[in-house]
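In the UniProt record's numbering, the protein residues as written are 1 to 252.
Positions of the beta carbon are idealized from the N, C-alpha and C atoms, including for glycine.
Below is one structure; the comments refer to it alone.
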């Protein structure tokens, strides 16, 4: 039986705009399981990114609770949430937030040193991760401006993984990439998931969604459907048919 790493109970998020209440998330009950590649889909404004930010402790819910294993994180102070994120979460965004004045290697080390003082061990782990995502030694001392978009995003994934996060959160990670670079990034995410990394990814992209083993569909801030695809296999042509059928049923 799979173990839940994150659980929500009646999760709601409301924003106020000029006196009007916008209910972005509405009483969501959701379990994110260890080792799953969970994909969150839905039309624009459905609440996808808001849900991801709530699950990762980047934002607090208005009502309801979020638990990480047995710890309720939805009531933590901002300082304690920052510590929680640093220890348990990795983040990959559409915008690649690498520091322009630091090399690729130093960008990752700066993140890792927030949790450890063992720079030698951290550097060894970083270099292994670079090689695992296809970034050769010739790139390690280059600056972000000297990299392709795909190379920079793969470096961003290494930075997200360097602290051994319990969950890797990705928000449209291929949205700013061309198709070749996007596939390279998706291959990296698929590979780390097969090694046991839990992933929660928001995407509009069908090719990206196919990499998940579980699709959660949001509509108007509520979960209106779920599709189980199983482990990703490139040669599995029925996978795309199942996802297309599910999305059509959801009105995507």
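Beta carbon of residue i nearer than 8 Å to that of residue j
i, j, result
"residue 98", "residue 152", "yes"
"residue 6", "residue 40", "no"
"residue 222", "residue 215", "no"
"residue 167", "residue 129", "no"
"residue 108", "residue 158", "yes"
"residue 131", "residue 139", "no"
"residue 11", "residue 46", "no"
Rounded Cβ spacing between residue i and residue j (contact assumed at less than 8 Å)
i, j, result
"residue 169", "residue 91", "5 Å"
"residue 50", "residue 24", "5 Å"
"residue 200", "residue 52", "6 Å"
"residue 156", "residue 96", "5 Å"
"residue 127", "residue 103", "Rounded, the Cβ-Cβ distance is 13 Å, inconsistent with contact."
"residue 196", "residue 213", "With a Cβ gap of about 13 Å, residue 196 and residue 213 do not count as contacting."
Contacts around residue i, its chain only, beta-carbon distance under 6 Å, and the 5 residues preceding and following it disregarded
i, result
"residue 225", "217, 250"
"residue 3", "34"
Residue i classed as buried or exposed, judged by whether at least 16 other C-beta atoms fall within 10 angstroms
i, result
"residue 1", "exposed"
"residue 246", "buried"
"residue 172", "buried"
"residue 37", "buried"
"residue 75", "exposed"
"residue 182", "buried"
"residue 228", "exposed"
"residue 174", "buried"
"residue 44", "exposed"
"residue 77", "exposed"
"residue 88", "buried"
Neighbourhood of residue i by C-beta, 8 Å cutoff - its chain only, sequence neighbours within 5 removed
i, result
"residue 113", "119, 122"
"residue 145", "100"
"residue 15", "21, 22, 24"
Close Cβ partners of residue i (< 7 Å) along its chain, the five nearest in sequence each way excluded
i, result
"residue 42", "48, 217, 218, 219"
"residue 177", "149, 150, 153, 185"
"residue 133", "154, 157, 158, 188"
Exercise. Can you list the alpha helix (DSSP H) stretches of 4 or more residues lying completely in the stretch 117-177, in chain order?
Worked result: The qualifying runs are 119-132, 149-161.
Exercise. In the stretch 31-115, which residue ranges form an unbroken alpha helix (DSSP H) of at least 4 residues, counting only runs that do not cross its ends?
Worked result: List check, alpha helix (DSSP H) in window: 48-55, 78-88, 104-112.
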